Amino acid sequence: MQALRRDSSRQIIMQVIDIHNHFFLSSWPDLAARYGTPNWPWIKHTAPGQADIMVGERFFRHIYSACWDPEVRLRDMDRDGIDMQVISATPVLFAYDRPVQHASDCAQLFNDAALELCSRGKGRLKSLCQVPLQDTGAACKELSRCMRAGHLGVQIGNHVGSKNLDDTGVLTFLHHCADEGAAVLVHPWEMFGQDRMPKYMMPWTVGMPAETQLSVVALILSGALDRLPSTLRICFAHGGGSFAFLLGRLENAWHHHPVARGDCQYPPSHYLSRIYADSAVFDQRALQFLVGTFGADRVMLGSDYPFPLGEEHVGSLIRQSNFPQPTKAKLLSENAARFLGLGGEAHEVGDKPSGATADSSPLAPEPGQLTYSSYLKVPELLELQQPQSSPQHHDEMLFIIVHQTYELWFKELLHDLDAAVENLRRAGAAPQSRDEVYEAARLLRRCTEITRVLVEQFTILETMLPTHFLAFRSLLEPASGFQSEQFREIEFLCGLKDEKMLRYHRPTPEAYASLKRRLEEPSLRDVFFGALQAMGRLQPAGKDATERERFQARARAVHALYQDEHHHRDWIDVCERLTEFDELVVSWRLRHIQLVERIIGIRPGTGGSAGASYLKLTLDKKFFPELWEARTLLTE
Ligand code: HEM
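The structure is reproduced here in structure tokens:
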């Protein structure tokens, strides 16, 4: 892919591409005189390297020499680590409301000037053209001319007067773009409601996001994306405006109100894989959300450089984000290369796959097919590590990943323990059948193996120096292991039920509800003894029996199983697995305490406990105390 290049040491390095930035010329013919109509844009130089864009007599915007001087651009690009800029004109030059001959002529003038500017850009400047979109034929003609001349695509306004992007003429043009292989950047312009936004740059900060959202929604709901070829590569500037944030609202309307559905075949979110957005959102949370919504393959660096509302250090938002390196590479480089059609290997969804090569290398997966990543949700998984420290403390990533790994294994433990419970329940219901007992023992064996790994994993965290943990510990308060819902679920499920622990989950109603359910449901311990009772190995306790008497009766029942090994090998195996699991959970508690002491000494915990001294009290906790008691009952 061309997004990769070699540096002087012949190493392949990523090529950072900015797909949304603007140019302006330092001079051009007087358009008002040329066409005999007023209010055309012109440039008023105010000081060396400084100028104002004027529209007729109206001031429009301050600009500086980066707009027209490739040397200045290249210097800024070097400063920001940008390898390639794809420049486009300023929307004020679109001239969609002018006679088509004037708009065509103006487009040609600036399109040719863009190529001339690029020719002085040492191969690092590419361009998008502009077209007279008010006339489909003229727009298609200019696009074809520009593509042949070396433009990579086109920048269009998000509307043509009162026509949105679902206008038939615009759709014909977009179809033509797909045929020509032209990338399309949709830029908001001529914002609505300007009479209510006279101040504070509100047309830019409020109007532009809404304009862009409107154009995406029009394109989707009109069903245009069902009809346009999937090879069309179309991107919406400024992060797609307010579209991503309000997609849920649109989706809700689509599902519940037929009138809001429009003509599209699928819910709006289905079409996210058909459009791109740039990264010009200026806020880490917004970027996270944007990538979460559009997907890591659909967002690419766009800066709005060198305009006043552009990113000051181009690319810094992505570079400073918490995305893993492969995602950053997509946002900074790979997605743009695909969008712009750079590189032979990049192909769009809907393109023909390259297929097997003659040297019998494996088949490339077809677009839409299940892949390793899409099945395992690898991009989503790798985006779930969000350190609190800023600048990021190196070891916080480890701290997060170790905890997340524990939680994933806790999930698997619950999955297997639930299945073991079900098998023991069925074993109790059909005492002649042995299959369920064997299956329960097999599942419990898996639980012990997982827990063995969990005991070991603490050593990884112990590579973190106490000082390094203390550097970010305060940022984590009041989060605490007490709030691990799954850990508590495992305890409750196995039979160690302490209602008091529910209080740590009050802030999260869903966790509270599932723990409450676990508290009320029969535990693994209950089901195990229920099965022994159903088999006649445990007499039902009398209604006046004390808790101690019940406990002793259950321990004696286990003792009896061990005494009759010949008939109860399978149940003894279950007992052994349960005991081993219990033992390993105590090992986990012990290793956790050692870790805590090693890292924070005898400091109190962030959850409000006394810390290690509190945790030591939990060492005596057992899930299946009767199994341990049975061992005391056994005689030589
Ligand atoms: C730097 C490493 C760690 C420290 C300093 C630490 C500290 C503590 C402390 C002090 C407590 C007592 C509750 C409180 O007051 O907050 C606690 C509880 C807990 N921690 Fe950790 N912990 C660490 C790592 C881990 C890891 C890797 C896990 C893995 C899941 C974990 C899971 C838990 C659980 C489940 C509890 C509740 C235990 C119970 O209620 O018996 N901790 N931790």
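Residue numbering for the sequence shown follows the working numbering, beginning at 94 and increasing consecutively. Glycine included, every Cβ here is placed at the ideal spot set by N, Cα and C. Keep in mind it's a predicted model, so treat the numbers as computed, not measured.
> What whole-angstrom Cβ distance do alanine 276 and glutamate 235 have, given they're in contact under 8 angstroms?
Replying inline: So it is not a contact: roughly 16 angstroms between Cβ atoms.
>> For methionine 294, count the other beta carbons within 10 Å of its own beta carbon; 16 or more makes it buried, fewer makes it exposed. Which is it?
In response: Sixteen is the threshold: since fewer than 16 other Cβ atoms of the shown chains lie within 10 Å of the Cβ of methionine 294, the residue is exposed.
>> Between Thr552, Ala533, Ala522, Arg539, which has its C-alpha nearest tryptophan 502's C-alpha?
In response: Minimum Cα distance to tryptophan 502 is reached at Arg539.
> When the Cα atoms are used, what is the spatial distance from proline 524 to methionine 628?
Replying inline: When rounded, the separation of the alpha-carbon atoms in proline 524 and methionine 628 is 6 angstroms.
> Nearest to tryptophan 681 by CA position, among Gln481, Thr544, Ile583, Val689, is which residue?
Replying inline: Here the closest residue by C-alpha is Thr544.
> If you drop the 5 nearest sequence neighbours on each side, which residues of the same chain put their C-beta closer than 8 angstroms to that of phenylalanine 644?
Replying inline: Pro718, Glu719, Glu722, listed in sequence order.
> In three-state DSSP terms, what is glutamine 194?
Replying inline: In the structure shown, glutamine 194 sits in a helix (DSSP, three-state: H, G or I).
> Closest to glycine 355 by CA distance: which of Ile368, Leu312, Leu340 is it?
Replying inline: Of the listed residues, the one whose Cα sits closest to glycine 355 is Leu312.
> Just the Cα atoms here: how many angstroms apart are phenylalanine 266 and tryptophan 133?
Replying inline: For phenylalanine 266 and tryptophan 133, the distance between alpha carbons rounds to 25 angstroms.
>> Please list the terminal residues of the continuous beta strand (DSSP E) segment that includes histidine 113.
In response: For histidine 113, the enclosing beta strand (DSSP E) has its first and last residue at 110 to 115.
> In chain order, what residues of the same chain have a beta carbon less than 7 angstroms from the beta carbon of alanine 303, not counting five sequence neighbours either side?
Replying inline: Result list for alanine 303: Gly334, Ser335, in chain order.
>> Just to confirm the assignment, what range does the alpha helix (DSSP H) spanning arginine 154 have?
In response: For arginine 154, no alpha helix (DSSP H) segment is defined; the enclosing uninterrupted segment is the beta strand (DSSP E) at 151 to 157.
> Can valine 109 and leucine 394 be called in contact, C-beta distance under 8 angstroms?
Replying inline: Against a cut-off of 8 angstroms, the Cβ pair of leucine 394 and valine 109 comes out as a contact.
>> Residues in the same chain with beta-carbon distance under 8 angstroms from threonine 672, minus the five sequence neighbours each way, listed in chain order, please.
In response: Same-chain partners within the cutoff: Phe717, Leu720, Trp721.
> Assuming cysteine 357 and glycine 316 make a contact with CB atoms under 8 angstroms, what is their CB distance in whole Å?
Replying inline: With a Cβ gap of about 5 angstroms, cysteine 357 and glycine 316 count as contacting.
> Since alanine 646 contacts arginine 630 with CB under 8 angstroms, what's their CB separation in whole angstroms?
Replying inline: The beta-carbon distance between alanine 646 and arginine 630, rounded to whole angstroms, is 11 angstroms. This is too long to meet the 8 angstroms contact definition.
> Looking only at C-alpha atoms, which of Leu314, Ala533, Phe400, Arg566 sits nearest to methionine 490?
Replying inline: Nearest option by C-alpha distance: Arg566.
> Touch check for the region 570 to 580 and the region 541 to 557: three-plus C-beta pairs under 8 angstroms?
Replying inline: With a cut-off of 8 angstroms, the region 541 to 557 and the region 570 to 580 do not count as touching, because too few Cβ pairs lie within range.
> In terms of alpha-carbon separation, which member of Thr699, Leu726, Asn114, Gly700 lies closest to glutamate 405?
Replying inline: The candidate whose alpha carbon is nearest that of glutamate 405 is Asn114.
> Could you give the distance in angstroms between the alpha-carbon of arginine 289 and the alpha-carbon of valine 299?
Replying inline: Approximately 11 angstroms between the Cα atoms of the pair.
>> Judging by CA-CA distance, which residue of Ala207, Leu563, Arg610, Glu273 is the nearest neighbour of glycine 698?
In response: Out of Ala207, Leu563, Arg610, Glu273, Leu563 has the C-alpha closest to the C-alpha of glycine 698.
>> Is any non-hydrogen atom of the ligand HEM found closer than 7 angstroms to the C-beta of leucine 554, if you look at the structure I gave you?
In response: Distance from the C-beta of leucine 554 to the nearest heavy atom of the ligand HEM is below 7 angstroms.
> Which value, in whole angstroms, describes the spacing of the CA atoms of phenylalanine 575 and isoleucine 494?
Replying inline: For phenylalanine 575 and isoleucine 494, the gap between their C-alpha atoms comes out near 18 angstroms.
> Could you give the C-beta distance for glutamine 478 and asparagine 415, rounded to a whole number, given that I count them as a contact under 8 angstroms?
Replying inline: The Cβ separation is near 7 angstroms, so the contact holds.
> Is it a yes or a no for the region 502 to 519 touching the region 610 to 622, going by three-plus beta-carbon pairs under 8 angstroms?
Replying inline: Short answer: they touch.
>> Is phenylalanine 580 near the ligand HEM - that is, is its Cβ less than 7 angstroms away from at least one heavy atom of it?
In response: Yes, the Cβ of phenylalanine 580 comes within 7 angstroms of a heavy atom of the ligand HEM.
>> Report the start-end ranges of each beta strand (DSSP E) in the region 462 to 530 that is 3 residues or longer and not cut off at the edges.
In response: Listed in chain order, nothing qualifies, since the region 462 to 530 has no complete beta strand (DSSP E) run of 3 or more residues.
> glutamate 473: which of Asp228, Gly385, Gly332, Val309 sits nearest, CA to CA?
Replying inline: Nearest to glutamate 473 by alpha-carbon distance, out of Asp228, Gly385, Gly332, Val309, is Gly385.
>> Tell me the rounded alpha-carbon separation between alanine 206 and tryptophan 135.
In response: In a straight line, the C-alpha of alanine 206 is about 15 angstroms away from that of tryptophan 135.
> Are there 16 or more other CB atoms within 10 angstroms of the CB of leucine 380, so buried, or fewer, so exposed?
Replying inline: Classification for leucine 380: buried.
> Taking buried to mean at least 16 other C-beta atoms within 10 Å of its own C-beta, is glutamine 223 buried or exposed?
Replying inline: The C-beta of glutamine 223 has 16 or more other C-beta atoms within 10 Å across all chains shown, which makes the residue buried.
> Can you name the residues that DSSP bridges to glutamine 178?
Replying inline: Beta-bridge pairing links glutamine 178 to Asp111, Leu218.
>> Only counting the same chain, and skipping five residues up and downstream in sequence, which positions put a Cβ closer than 7 angstroms to that of glutamate 209?
In response: Result list for glutamate 209: empty, nothing under 7 angstroms.
> Should asparagine 345 be labelled buried (16 or more other beta-carbon atoms within 10 Å of its own) or exposed?
Replying inline: Exposed.
> If you check the beta carbons only, do glycine 408 and glycine 174 fall under 8 angstroms apart?
Replying inline: Going by C-beta atoms, glycine 408 is nearer than 8 angstroms to glycine 174.
> Given proline 633, which residues of its chain have a CB within under 8 angstroms of its CB, disregarding the five upstream and five downstream residues?
Replying inline: Shown here for proline 633: same chain residues with a beta carbon closer than 8 angstroms to its own, the five before and five after excluded, namely Gln626 in chain order.
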